[in-house]
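Visitor:
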Amino acid sequence: MQRTEIKHLLKTEALSQDVLVKGWVRTFRNTQFIALNDGSTILNVQVVVDFQNTPEEILNKIKTGACLSVKGTLVPSTGAGQSVEVKATEIIILGEADPEAYPIQPKKHSLEFLRSHGHLRMRTNTFSAIFRVRHAMAFAIHQYFHERGYFYIHSPIITGSDAEGAGEMFRVTTLNLDNPPRTEEGKVDFSQDFFGKETNLTVSGQLQGEIAALALGKVYTFGPTFRAENSNTTRHLAEFWMIEPEVAFNEIEDNKNLAEDFLKYLVRYALENCADDIDFLDKRLAEEEKQKPQNDRRAMGLIETLRFCTENDFARISYTEAIQILQNSKQYKEKKFQYEVEWGKDLQSEHERFLVEKHFKKPVIVGDYPKDIKAFYMKLNPDGKTVAAMDVLFPGIGEIIGGSQREDSTEKLMKRMDEMHIPAHEMSWYLDLRRFGSAPHSGFGLGFERLMLFVTGMGNIRDVIGFPRAAKTIEF
Ligand code: 4AD
Ligand code: MG
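Residue numbers for the sequence shown follow this note's numbering, so the first one is 1 and each next one is one higher.
(1) From H119, H109, K61, pick the residue whose C-alpha is nearest to that of F31; which is it?
(2) Quick test of your reading: T64 and T27, contact by CB under 8 Å. State the CB separation rounded to the nearest angstrom.
(3) Contact check, K412 vs L380 under 8 Å by CB: the rounded distance?
(4) At what residues does the beta strand (DSSP E) containing W241 begin and finish?
(5) Following the continuous beta strand (DSSP E) through K71, name the residue where it begins and the one where it ends.
(6) Straight-line CA distance for G217 to W241?
(7) Within 10 angstroms of the Cβ of D313, are there 16 or more other Cβ atoms? Answer buried if so, exposed if not.
(8) Verify the contact flag: L216, CB atom, against every heavy atom of the ligand 4AD, threshold strictly below 6 Å.
(9) Leaving out the 5 sequence neighbours to the left and right, which residues in its chain are closer than 7 Å to T234 when beta-carbon positions are compared?
(10) Among residues of its own chain, excluding the 5 on either side of R479, which ones have a beta-carbon nearer than 6 Å to its beta-carbon?
(11) At which residues does the beta strand (DSSP E) containing T386 begin and terminate?
(12) Closer than 8 Å by C-beta to V75: which residues in its own chain qualify, once you throw out the five before and the five after it? Chain order, please.
(13) Let me check you understand the geometry: is the CB of G402 closer than 6 Å to at least one non-hydrogen atom of the ligand MG?
(14) Kindly examine the ligand 4AD and report whether one of its heavy atoms sits closer than 6 Å to the Cβ of Q208.
(15) Could you please give me the residues that DSSP links to M378 through a beta bridge?
(16) Relative to the C-alpha of L266, which residue among D296, C309, D282 is closest?
(17) Please determine if the stretch 346-361 and the stretch 316-335 are in contact, where contact requires at least 3 C-beta pairs separated by less than 8 Å.
(18) Can you name, in chain order, every residue of its own chain whose Cβ lies under 7 Å from the Cβ of R3, other than the five neighbours on each side?
(19) If you follow the alpha helix (DSSP H) that K333 is part of, which residue opens it and which one closes it?
(20) Is the beta carbon of V387 less than 7 Å from the beta carbon of K371?
(21) Relative to the alpha-carbon of A215, which residue among A471, F476, L451, L433 has its alpha-carbon at the smallest distance?
(22) Going by CA-CA distance only, name the one from R115, P103, E210, D193 that's closest to S155.
(23) Let me check you understand the geometry: is the CB of F444 closer than 6 Å to at least one non-hydrogen atom of the ligand 4AD?
(24) Alpha helix (DSSP H) containing E147: first to last residue?
(25) Between the Cα of F444 and the Cα atoms of S409, L258, P99, P293, which residue gives the shortest distance?
(26) Could you tell me the alpha carbon to alpha carbon distance between R469 and L201, rounded to whole angstroms?
(27) Counting Cβ pairs, one atom from each stretch, are 3 or more of them under 8 Å apart for the stretch 176-187 and the stretch 218-225?
(28) For the beta strand (DSSP E) that H441 lies in, which residues bound it at each end?
(29) Where does T54 sit, in a helix, a strand or coil, going by DSSP?
(30) With distances taken from CA atoms, which of Y369, K472, H359 is nearest F394?
(31) Whose C-beta lies closer than 8 Å to the C-beta of I6 among residues of the same chain, with five residues either side of it excluded?
(32) Should the stretch 271-286 be called in touch with the stretch 239-253, which here means at least 3 C-beta pairs below 8 Å?
(33) CB-CB under 6 Å to K71, same chain, minus the five flanking residues each way: which ones, in chain order?
(34) Short check: CB of D277 to CB of A129, under 7 Å?
(35) Closest by CA to S409, which one among E419, Y152, H441, K335?
(36) Tell me the rounded alpha-carbon separation between M300 and A286.
Quick look at the structure:
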């Protein structure tokens with residue numbers, strides 16, 4: 001007999017047919033009602049046990065966490081909250097559950113506790129919902145670009161260039177660290193390393209994306225990126241996934257339009273295709289918010305926030321305007337910001353969140369940042385002081401996207417590299433892209449886990465990736 005997944009089973013009209021379901025016990029009430037879940041949906045199916053005719057030794061093993069195979073009859077349910085249930089005729093225990101030792105009990109566990117049980121946390125409602133949504137978002141990203149004629153480029157994970165300066169890098173080496181070969185000056189001799197030079201894990205696929213965009217027109221990368229940032233925040237990982245579209249002939253305004261349209265598409269996709277999971281996460285968040293003092297609560301619930309994001313235009317301002325707004329704010333005058341607000345200084349998370357959550361009360365795209373706080377490749381504006389950069393700021397998150405129009409003049413690019421002490425010989429191929437058939441082009445990077453934070457309403461980035469890598473965190 002073929003197994004029916006619970007997701008399909010619950011949509012089947014109960015005509016007293018025989019079914020086979022398999023899954024894990026969530027709860028077992030009154031030696032009669034099993035809530036069984038197989039991961040295909042957040043919803044459980046109720047299995048009704050014929051306890052008078054079921055051997056004692058089987059009944060004793062039906063515990064939270066045990067894995068069962070159940071044959072039975074699908075019948076209309078009289079219980080609340082479900083239309084069908086399975087009247088069991090045969091129950092086989094596939095995997096035991098030691099009731100004393102199984103850490104995931106049918107009660108509320110803290111997220112910290114579940115993080116320390118990373119091998120079991122996906123069996124909870126919250127985490128299974130998150131990872132189904134994560135799958136849907138990855139799929140929607142490919143669908144969005146595919147439908148619009150973009151090509152998916154696999155950018156490399158190991159890089160030989162250390163010029164991008166997006167963050168601290170992780171060294172990749174096969175040298176014997178106890179006794180590495182040395183040059184005459186006593187430095188480590190990387191010419192003897194595997195690739196014959198210093199290599200690291202990539203911080204971004206952008207530079208390779210540019211190579212592809214200036215040949216294929218519209219491309220995107222979607223892969224893991226690595227930053228050895230020792231910042232222990234709820235928004236940073238050492239290994240995270242990034243989506244980086246890069247488009248020939250797009251200027252900065254096209255880039256902003258693409259970012260806004262893309263984000264709205266993804267949020268709409270989640271609302272339309274992950275309704276059961278988003279509904280659950282909405283309720284979860286509402287419960288969590290209740291525990292907080294009134295002043296710290298979110299202005300809107302999860303679903304409300306997601307709808308709001310898809311229905312309203314994002315605000316668009318320049319960095320200079322952002323500084324003015326911040327300096328005119330009550331917060332600033334009452335010295336409530338921890339970090340300085342001054343033209344030329346980078347916006348900190350507290351400033352970004354003020355702009356989004358307090359001032360505009362919607363997503364904001366900030367443009368035209370001072371050149372000195374941005375990467376060397378961003379296109380210099382005619383004022384000579386700012387660059388065609390853009391950051392998209394989201395409520396509860398801060399920066400979700402960072403991007404720019406790229407400098408397409410060889411001369412200006414070389415000047416910037418010189419100012420920022422980037423050796424031209426290391427980036428000759430990047431300069432060649434300008435030398436031979438250069439074109440205006442633009443792109444951005446969306447942090448996949450930051451998107452996941454927004455869509456699920458979770459507060460810690462470690463809870464929206466299966467196996468978080470952060471400083472001193474790599475257990476699972
Ligand atoms: O702003 P970033 O550093 O931009 C780049 O890497 C460009 N090369 C992108 C491009 O133009 N193609 O990073 C892009 C996004 C950020 O806005 C943020 O969402 C996410 O990546 N991000 C992180 N997410 C999790 N953990 C970290 N440590 C992150 N650092 C950046
Ligand atoms: Mg950035």
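Positions of the beta carbon are idealized from the N, C-alpha and C atoms, including for glycine.
Guide: Concretely, from the data shown:
(1) As a first step, residue 31 must be located in the sequence shown, where it is residue number 31. First, the amino acid is wrong: residue 31 is Thr here, not Phe. Shortest Cα-Cα distance from T31 to any of H119, H109, K61 involves K61.
(2) Counting from 1 along the sequence shown, the entry for residue 64 is found at position 64. Counting from 1 along the sequence shown, the entry for residue 27 is found at position 27. With a Cβ gap of about 6 Å, T64 and T27 count as contacting.
(3) For this step, residue 412 is matched to residue 412 along the sequence shown. For this step, residue 380 is matched to residue 380 along the sequence shown. About 6 Å; that satisfies the 8 Å criterion.
(4) Reading the sequence shown from its first residue, position 241 is the one you call residue 241. Residues 239-248.
(5) The residue labelled residue 71 in the question sits at position 71 within the sequence shown. It spans 67-76 - the beta strand (DSSP E) in which K71 sits, taken as one unbroken run.
(6) If you number the sequence shown from 1, residue 217 lands on position 217. If you number the sequence shown from 1, residue 241 lands on position 241. So the alpha carbons of these two residues sit roughly 23 Å apart.
(7) The sequence position of residue 313 within the sequence shown is 313, counting from 1. Flag for D313 reads exposed.
(8) Walking along the sequence shown from the start, residue 216 turns up at place 216. Not so, every heavy atom of the ligand 4AD lies at least 6 Å from the Cβ.
(9) Here residue 234 refers to the residue found at position 234 when the sequence shown is read from its first residue. So the list reads G459, N460, I461, once near-sequence residues are dropped.
(10) Outside the displayed span of the chain (1 to 476) sits residue 479, for which this structure offers no information.
(11) Working through the sequence shown from its first residue, we reach residue 386 at position 386. Its beta strand (DSSP E) spans residues 386-394.
(12) Counting from 1 along the sequence shown, the entry for residue 75 is found at position 75. Answer for V75: A14, S16, V84, E85, V86, K87, listed in chain order.
(13) Translated into the one-based positions of the sequence shown, residue 402 becomes position 402. Yes - the ligand MG has a heavy atom lying nearer than 6 Å to the Cβ of G402.
(14) Counting from one through the sequence shown, the residue named residue 208 turns up at place 208. No - the ligand 4AD has no heavy atom lying nearer than 6 Å to the Cβ of Q208.
(15) By one-based count along the sequence shown, residue 378 stands at place 378. M378 is bridged to R406.
(16) Counting from one through the sequence shown, the residue named residue 266 turns up at place 266. Per the Cα distances, C309.
(17) The way I'd put it, the stretch 346-361 does touch the stretch 316-335; three or more beta-carbon pairs between them come closer than 8 Å.
(18) If you number the sequence shown from 1, residue 3 lands on position 3. The answer, listed in chain order, is L20, V21, K22.
(19) Locating residue 333 in the sequence shown gives position 333, counting from the first residue. Counting along the chain, K333 sits inside the alpha helix (DSSP H) bounded by residues 330-333.
(20) Taking the first residue of the sequence shown as 1, we reach residue 387 at position 387. Taking the first residue of the sequence shown as 1, we reach residue 371 at position 371. Yes, Cβ-Cβ distance for V387 and K371 is below 7 Å.
(21) On the sequence shown, residue 215 is found 215 positions in, with the first residue counted as 1. Taking each of A471, F476, L451, L433 in turn and checking the Cα distance to A215, the smallest one comes out for L433.
(22) As a first step, residue 155 must be located in the sequence shown, where it is residue number 155. Nearest Cα to S155 within the set R115, P103, E210, D193: E210.
(23) Within the sequence shown, the letter at position 444 stands for residue 444. Yes.
(24) Locating residue 147 in the sequence shown gives position 147, where the first residue counts as 1. From DSSP, the alpha helix (DSSP H) with E147 extends over 125-147.
(25) Taking the sequence shown and counting its residues from 1, the one referred to as residue 444 is at position 444. When each option's Cα is compared against that of F444, the closest is L258.
(26) Taking the first residue of the sequence shown as position 1, residue 469 is located at position 469. Taking the first residue of the sequence shown as position 1, residue 201 is located at position 201. The straight-line gap from Cα to Cα measures roughly 14 Å.
(27) no
(28) Stepping through the sequence shown from its first residue, residue 441 is reached at position 441. Note, H441: beta strand (DSSP E), 441-447.
(29) For the purposes of this step, residue 54 is identified with residue 54 of the sequence shown, where counting begins at 1. If DSSP states are grouped into helix, strand and coil, T54 belongs with coil.
(30) Position 394 of the sequence shown, counting from 1, holds the residue named residue 394. Closest option to F394, Cα to Cα, is H359.
(31) On the sequence shown, position 6 is the one that residue 6 refers to. Closer than 8 Å at Cβ, skipping near neighbours: V21, G23, L36, N37, D38, S40, T41, L43, N44, V45.
(32) no
(33) In the sequence shown, counting from the first residue as 1, residue 71 sits at position 71. Same-chain partners within the cutoff: L20, T89, E90.
(34) On the sequence shown, position 277 is the one that residue 277 refers to. On the sequence shown, position 129 is the one that residue 129 refers to. For D277 and A129, yes; Cβs fall inside 7 Å.
(35) Within the sequence shown, residue 409 is the residue found at index 409, counting from 1. Measuring from the Cα of S409, the nearest candidate turns out to be H441.
(36) Stepping through the sequence shown from its first residue, residue 300 is reached at position 300. Stepping through the sequence shown from its first residue, residue 286 is reached at position 286. Roughly 9 Å between the two C-alpha positions.
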